[in-house]
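Colleague: Let me begin by handing over the structure; questions about it come next.
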Amino acid sequence: MNFKVIAKRLLFFVLVVWAASTIVFFIPRLSTRNAIRERFGELARTGGFSPGDVERLIASMNQQFGLDKPLLEQYWQYLNNIIRMDFGYSLSKYPTTVTEVIAQSLPWTIGLLVVTTVLSFAIGTLLGAISAWPKAPGWLRGIATPFILLTGVPPVIMGILLLFFIGFRLQWLPLGGSYSVGLVPNWSWSFFFDLMRHQILPGLALILGSLGGWVLSMRGMGVTIQGEDYVNFAEHKGLSGLTIFRDYYLRNGLLPQVTGLTLALGTVVTSAVVVENLFGLPGIGKALDLAIRANDFPVIYGIVIFITIAIAGMMMLLEFLYPILDPRIRNS
Amino acid sequence: MTTTPMADTEPQAIRQPSNLTLFLRYLRRNKGLAIGVLILIGLTLFTVIGLLTVNPKQAYPLSVALKQPPSLKYPFGTDFYGRNLLVAMVYGMYQTALIGLLAGGIGTAIGVVLGFTSAYFGGWIDATIRTICQILTPIPVLLIQVVVAGSLDKRDVTILTMSIIVAMLAWMGPTLVVRAQVMTMKERQFVSVAKLSGVSDMGIIFKEILPNLLPFIAAAFVGQVFSAVFASFYLAILGLGPLREPLLGNLIWAAQNQGAFFNGWWWWPIIPSCAMILILGALALVNMGLDELANPRVRRTE
Numbered sequence: 008m009n010f011k012v013i014a015k016r017l018l019f020f021v022l023v024v025w026a027a028s029t030i031v032f033f034i035p036r037l038s039t040r041n042a043i044r045e046r047f048g049e050l051a052r053t054g055g056f057s058p059g060d061v062e063r064l065i066a067s068m069n070q071q072f073g074l075d076k077p078l079l080e081q082y083w084q085y086l087n088n089i090i091r092m093d094f095g096y097s098l099s100k101y102p103t104t105v106t107e108v109i110a111q112s113l114p115w116t117i118g119l120l121v122v123t124t125v126l127s128f129a130i131g132t133l134l135g136a137i138s139a140w141p142k143a144p145g146w147l148r149g150i151a152t153p154f155i156l157l158t159g160v161p162p163v164i165m166g167i168l169l170l171f172f173i174g175f176r177l178q179w180l181p182l183g184g185s186y187s188v189g190l191v192p193n194w195s196w197s198f199f200f201d202l203m204r205h206q207i208l209p210g211l212a213l214i215l216g217s218l219g220g221w222v223l224s225m226r227g228m229g230v231t232i233q234g235e236d237y238v239n240f241a242e243h244k245g246l247s248g249l250t251i252f253r254d255y256y257l258r259n260g261l262l263p264q265v266t267g268l269t270l271a272l273g274t275v276v277t278s279a280v281v282v283e284n285l286f287g288l289p290g291i292g293k294a295l296d297l298a299i300r301a302n303d304f305p306v307i308y309g310i311v312i313f314i315t316i317a318i319a320g321m322m323m324l325l326e327f328l329y330p331i332l333d334p335r336i337r338n339s
Numbered sequence: 006m007t008t009t010p011m012a013d014t015e016p017q018a019i020r021q022p023s024n025l026t027l028f029l030r031y032l033r034r035n036k037g038l039a040i041g042v043l044i045l046i047g048l049t050l051f052t053v054i055g056l057l058t059v060n061p062k063q064a065y066p067l068s069v070a071l072k073q074p075p076s077l078k079y080p081f082g083t084d085f086y087g088r089n090l091l092v093a094m095v096y097g098m099y100q101t102a103l104i105g106l107l108a109g110g111i112g113t114a115i116g117v118v119l120g121f122t123s124a125y126f127g128g129w130i131d132a133t134i135r136t137i138c139q140i141l142t143p144i145p146v147l148l149i150q151v152v153v154a155g156s157l158d159k160r161d162v163t164i165l166t167m168s169i170i171v172a173m174l175a176w177m178g179p180t181l182v183v184r185a186q187v188m189t190m191k192e193r194q195f196v197s198v199a200k201l202s203g204v205s206d207m208g209i210i211f212k213e214i215l216p217n218l219l220p221f222i223a224a225a226f227v228g229q230v231f232s233a234v235f236a237s238f239y240l241a242i243l244g245l246g247p248l249r250e251p252l253l254g255n256l257i258w259a260a261q262n263q264g265a266f267f268n269g270w271w272w273w274p275i276i277p278s279c280a281m282i283l284i285l286g287a288l289a290l291v292n293m294g295l296d297e298l299a300n301p302r303v304r305r306t307e
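Protein chains in written order, with our numbering: chain U, 8 to 339; chain G, 6 to 307.
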C-alpha cells in the first residue's frame, strides 16, 4: 500500500467526521427548541427561582457555551473543540464534561461490542462456509438453516424474546441490570461471575441477532465458489477436503466478509446501543437514554459525534486490512 | 394469392400464458417471495379488518381495565396504561405501515432521481453525488435521527415528521444501487441504438432504461421500507417516537419502562415484538425474492 492510498483513507475519515459534526451542529440550530431555557425552566419550576434570576442564569450560560457569538464563529470554535475531543459540559450533571460521561460508560459498551461482534462474525462466517461446502456432512450443513431464518429478527427483539423465555419463564438468568441488586462492586470472583451472568443475555441477543447475516453472505460466496474450475482442479489434484475448505472456501470469502463488516459497523454499534439500553447496562446506550430523558443536549451530540468518529476510525483500520487479506490489492 | 392458413393458427399455437399465471408459476419457484407476500397479505388483512371493527379509543390510555392478561375478552391482554393491546396492535401496525411506505417511498424516489442524474450525466455531477453518498453512508443513521428527533418539540413528533426524519437519511442506498444499474445499462446496445436513432435524453431515460430498471427499483423500495420500519422502531424504542401513539416500538419502550417482565406482564412487550418479527421477516423475504427476480445471476435454475 502506498502513501497515496493512506492519505486518501485519512482524508475520507476526516470528511466523514466533518460531515457528521456539521449535521449535528446545524440541525439543533434550525429548531426552535432552546435547550438551556428548557433545562432552567425545569429547574425554576421545581426549585423556585425568581424569574429574573433564571433569565440572568440563562444569559450567563449562553455566554459560557458561546451561544451569544455569531454562528460562523461558534461553528469554527465547535470544530476546533471536536478536534481536541472536547464536547463541552453536561447540562444535567453540570461540572462533569461530556467526555467524562462517555469515558465512564465506554468500557461496558466496548466489552460487549467487541466480544459479540468477533464471536458472531467468526461463527457466522464459519457456518456459512460449511453450509456451502458440498463435502460437509448433512447435519453440519443443517446447523446454518435456523440461523438464516433468524436474519429478519433484530437484536433488540431477540433480546426481548430471550428475556421472556430464559429470564422470565425459565428464570435461569437475570432480567437486566449490570449486577445483582445489593452487591457492592469488588474484585472477588463471585462478583465477577455475577457480572458475567448479567452479560450473557444481552451478548446472546447481539450474537443471535447478527449471526444470520454473516451466515447468509458467506454462504452466497461459497455457492459461487462451488462451481469454479480451480476448485475442481484442486479436487482432481488430490487436495484433501479440509485443505480445499480452508484455502478455497474460507480464504476467498474472507475479503468480502470483512468488507461486509466494514459496511455493517454502523448497524452493529447502534444495535449494541439499543440492546444495552433494553437490558439496563450502564454503557453508552444508557448514557444516551438518560441524556434524551433529561434534555441533556451536549451529551446527546457528544455521544453521536464520538460514535461516528469511532465507526469511521474502525472502518479506516479495517480498510488497511484489505491488502493483507487480498494479494491482488497488495501487488497493484 | 391466398393467405396461408399458417398465419392464422400460428399465434394461437404459441399463445403466452397470462401474466398472472406466469407470476404464480414464478412464485412457486421463488418460495421466499411467496411466503413473504403471504405474510404481508395476512398482516394487511388483520390491520384492515381491525380498523373496520375495533373501537379506536381503546388504542389509547385509560380506555379499558388495566394489566389484564390475554383472555377471550382481550385476546392480546391490556397494558399498564389501560390500552387494549389488540386495538393497539391494529393501530400500531397501521402506523408502522404508514411510516414504512411514506419514508420508503420518499427515500426511493430521491434515490432514483439522484441515481439517474449521477449515472446518466456522469462527469462532475456523478463525482459529487457519489462522494456525498460515500461520506454519509458510514454515519450511523439512527444517531443523526436521534439528534433530529431530540431537537424537535415533543408535540411536533408525529407519524408524519417521523417518516420525514427517517426518509431524510435513507436515500443513499437506492441512489448507489440505481446508479450502478444505470451505469451498466448505459453501455448496452439498445441504448446506443436509441441514441444513434436520435431519441432524446429524456426519451432514453423514460422509454429505454426505466422499464428495465423496475425490478431493481422495486427491490430497492422494499429494502427502503424495511430500513424505514427498522429505523422508526429503533427511534421509538429509545423513547423518541410520538409517545401517545401505539407505535410498536413505543409499546415496547413503555413496557420496558414499567418493568413489564419484573412485574409479570409478559404479554405487553412480547406481542408487539412478535408483530415486528412478522413484519420485518416478511419484508426481508420479499426483498430477497425481488433481488433474485431482478438479478438473473442470483436467480436459481429450476
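In this text, a Cβ means the ideal position worked out from N, Cα and C, and glycines have one as well. As the structure is a computational prediction, the values presented were derived from the model and not from experiment.
Roughly how many angstroms lie between the CA atoms of E297 (chain G) and S247 (chain U), to the nearest whole one?
Modeller: The residue given as residue 297 (chain G) occupies position 292 in the second sequence. The residue given as residue 247 (chain U) occupies position 240 in the first sequence. Distance between the alpha carbons of E297 (chain G) and S247 (chain U): 34 Å.
Colleague: With a 10 Å radius around its C-beta and 16 neighbouring C-beta atoms as the bar for buried, classify I310 (chain U) as buried or exposed.
Modeller: Numbered from 1 along the first sequence, position 303 holds the residue referred to as residue 310 (chain U). By the 10 Å Cβ count, I310 (chain U) comes out buried.
Colleague: Identify the contact partners of P161 (chain U) in chain G, using a Cβ-Cβ distance below 9 Å as the criterion.
Modeller: Stepping through the first sequence from its first residue, residue 161 (chain U) is reached at position 154. Here the neighbours are F235, F238, Y239, M281, I282 and L285.
Colleague: Using the Cα positions of W194 (chain U) and I307 (chain U), report the straight-line distance between them to the nearest angstrom.
Modeller: The residue labelled residue 194 (chain U) in the question sits at position 187 within the first sequence. The residue labelled residue 307 (chain U) in the question sits at position 300 within the first sequence. Approximately 32 Å, taken between the alpha carbons.
Colleague: Tell me the residue span of the alpha helix (DSSP H) that contains E80 (chain U).
Modeller: For the purposes of this step, residue 80 (chain U) is taken as the residue at position 73 of the first sequence. Counting along the chain, the alpha helix (DSSP H) containing E80 (chain U) begins and ends at L78 to I90.
Colleague: Can you list, in chain order, the stretches of the alpha helix (DSSP H) that have 4 or more residues and sit fully within the stretch 16-82 of chain G?
Modeller: Correct list: 24-34 and 36-58.
Colleague: So, does the CB of S168 (chain G) fall closer than 8 Å to a CB anywhere in chain U?
Modeller: Here the question's residue 168 (chain G) lines up with position 163 in the second sequence. Not closer than 8 Å to any Cβ of chain U, the Cβ of S168 (chain G) fails to qualify, so no.
Colleague: Based on Cα-Cα distance, which residue from G:I284, G:R193, G:P274 and G:G286 lies nearest to G5 (chain G)?
Modeller: Beyond the ends of chain G as shown, which are 6 and 307, falls residue 5 (chain G); an answer cannot be given.
Colleague: Assign N268 (chain G) to one of three DSSP states: helix, strand, or coil.
Modeller: If you number the second sequence from 1, residue 268 (chain G) lands on position 263. If DSSP states are grouped into helix, strand and coil, N268 (chain G) belongs with coil.
Colleague: Looking at the strands, I want to know which residues DSSP matches up with Y96 (chain U).
Modeller: Within the first sequence, numbered from 1, the residue matching residue 96 (chain U) stands at position 89. BP columns for Y96 (chain U) point to U:T104.
Colleague: Compare the C-beta of L249 (chain U) with all C-beta atoms of chain G and state if any pair is closer than 8 Å.
Modeller: For the purposes of this step, residue 249 (chain U) is taken as residue 242 along the first sequence, with counting starting at 1. So, not an interface residue.
Colleague: In terms of residue numbering, what span does the alpha helix (DSSP H) encompassing Y255 (chain U) cover?
Modeller: For the purposes of this step, residue 255 (chain U) is identified with residue 248 of the first sequence, where counting begins at 1. Per DSSP, Y255 (chain U) belongs to no alpha helix (DSSP H) and is neither H nor E.
Colleague: Are the Cβ atoms of F154 (chain U) and L218 (chain U) separated by less than 8 Å?
Modeller: Along the first sequence, read from residue 1 onward, the residue named residue 154 (chain U) stands at position 147. Along the first sequence, read from residue 1 onward, the residue named residue 218 (chain U) stands at position 211. Cβ distance < 8 Å, so F154 (chain U) and L218 (chain U) count as in contact.
Colleague: So is Q84 (chain U) buried or exposed if we call it buried at 16+ other beta carbons inside 10 Å?
Modeller: Residue 84 (chain U) sits at position 77 when you count from the first residue of the first sequence. When all chains shown are included, Q84 (chain U) counts as exposed.
Colleague: Determine whether the beta carbon atoms of A396 (chain G) and I209 (chain G) lie at a separation below 8 Å.
Modeller: Since the first residue of chain G shown is 6 and the last is 307, residue 396 (chain G) is not available in this structure.
Colleague: Since N317 (chain G) sits in a beta bridge, which residues does DSSP pair it with?
Modeller: No answer is possible for residue 317 (chain G): the residues shown for chain G start at 6 and end at 307.
Colleague: Can you find the residues in the same chain that come closer than 7 Å, C-beta to C-beta, to V230 (chain G), ignoring five residues on each side of it along the sequence?
Modeller: Walking along the second sequence from the start, residue 230 (chain G) turns up at place 225. Correct list, in chain order: G105, L106, G109 and L288.
Colleague: Along the chain, where does the alpha helix (DSSP H) that runs through N239 (chain U) open and close?
Modeller: Numbered from its first residue, the first sequence carries residue 239 (chain U) at position 232. Taken as a continuous stretch (DSSP letters only), the alpha helix (DSSP H) holding N239 (chain U) covers D236 to K244.
Colleague: State yes or no: is the C-beta of G174 (chain U) within less than 8 Å of the C-beta of L208 (chain U)?
Modeller: Here residue 174 (chain U) is taken as the residue at index 167 of the first sequence, counted from 1. Here residue 208 (chain U) is taken as the residue at index 201 of the first sequence, counted from 1. Closer than 8 Å, so yes.
Colleague: If you compare alpha carbons, which of U:F94, U:V12 and U:G166 is closest to V282 (chain U)?
Modeller: On the first sequence, position 275 is the one that residue 282 (chain U) refers to. Comparing Cα-Cα distances from V282 (chain U) to each of U:F94, U:V12 and U:G166, the minimum goes to U:G166.
Colleague: Just mark Q186 (chain G) as buried or exposed, buried being the case when its beta carbon has 16 or more other beta carbons within 10 Å.
Modeller: Position 181 of the second sequence holds residue 186 (chain G). By the 10 Å Cβ count, Q186 (chain G) comes out buried.
Colleague: Quick one: Cα of T106 (chain U) to Cα of N87 (chain U), how far?
Modeller: As a first step, residue 106 (chain U) is located in the first sequence; it is residue number 99 there, counting from the start. As a first step, residue 87 (chain U) is located in the first sequence; it is residue number 80 there, counting from the start. Going from the Cα of T106 (chain U) to the Cα of N87 (chain U) covers about 15 Å.
Colleague: Which runs of the alpha helix (DSSP H) spanning at least 4 residues fall entirely within the stretch 118-181 of chain G, listed in chain order?
Modeller: 128-141, 146-156 and 164-173, all fully within the stretch 118-181 of chain G.
Colleague: Between the Cα of T158 (chain U) and the Cα atoms of G:G294, G:A299, G:L290 and G:L295, which residue gives the shortest distance?
Modeller: Residue mapping note: residue 158 (chain U) aligns to position 151 of the first sequence, counting from 1. Per the Cα distances, G:L290.
Colleague: When the distance is taken between beta carbons, is G95 (chain U) closer than 8 Å to P305 (chain U)?
Modeller: The residue given as residue 305 (chain U) occupies position 298 in the first sequence. The residue given as residue 95 (chain U) occupies position 88 in the first sequence. A contact, by the Cβ cut-off of 8 Å.
Colleague: Can you tell me where the alpha helix (DSSP H) with D201 (chain U) in it begins and where it stops?
Modeller: Reading the first sequence from its first residue, position 194 is the one you call residue 201 (chain U). From DSSP, the alpha helix (DSSP H) with D201 (chain U) extends over W196 to Q233.
Colleague: Am I right that L252 (chain G) and G244 (chain G) are in contact with their C-beta atoms under 8 Å? What's the rounded C-beta distance?
Modeller: For the purposes of this step, residue 252 (chain G) is identified with residue 247 of the second sequence, where counting begins at 1. For the purposes of this step, residue 244 (chain G) is identified with residue 239 of the second sequence, where counting begins at 1. Not really, about 11 Å apart at Cβ, beyond 8 Å.
Colleague: Terminal residues of the continuous alpha helix (DSSP H) containing L226 (chain G)?
Modeller: Locating residue 226 (chain G) in the second sequence gives position 221, counting from the first residue. First, the amino acid is wrong: residue 226 (chain G) is Phe here, not Leu. Segment L215 to I242, the alpha helix (DSSP H) holding F226 (chain G).
Colleague: Report the neighbours of A93 (chain G) on chain U: residues whose CB is nearer than 7 Å to its CB, in chain order.
Modeller: Position 88 of the second sequence, counted from the first residue, corresponds to residue 93 (chain G). Those within 7 Å of A93 (chain G) in chain U number zero; the least Cβ separation is about 16 Å.
Colleague: Would I13 (chain U) be called buried (16 or more neighbouring beta carbons within 10 Å of its own) or exposed?
Modeller: Here residue 13 (chain U) refers to the residue found at position 6 of the first sequence. Looking at its Cβ environment, which holds fewer than 16 other Cβ atoms inside 10 Å, I13 (chain U) is exposed.
Colleague: Below 8 Å CB to CB, which residues in the same chain sit around Q100 (chain G) once its five sequence neighbours on both sides are set aside?
Modeller: Your numbering for residue 100 (chain G) matches position 95 in the second sequence. If we look at Q100 (chain G) and ignore the five residues flanking it on each side, its Cβ neighbours are I164, E250, P251 and L252.
Colleague: Looking only at C-alpha atoms, which of U:D93, U:T116, U:A136 and U:L215 sits nearest to G290 (chain U)?
Modeller: Your numbering for residue 290 (chain U) matches position 283 in the first sequence. Looking at the Cα atoms, U:T116 is the closest of the given residues.
Colleague: Counting beta carbon pairs with one atom in the stretch 139-157 of chain G and one in the stretch 26-36 of chain U, are three or more of them shorter than 8 Å?
Modeller: A contact exists between the stretch 26-36 of chain U and the stretch 139-157 of chain G.
Colleague: Using beta carbons (cut-off 8 Å, strictly below), is I46 (chain G) in contact with chain U?
Modeller: The sequence position of residue 46 (chain G) within the second sequence is 41, counting from 1. So no, I46 (chain G) is outside the interface.
Colleague: Using Cβ-Cβ distances below 9 Å, what residues of the stretch 279-294 of chain U are close to chain G?
Modeller: Cβ contacts with chain G come from V280, V281, N284, L285, G287 and G292.
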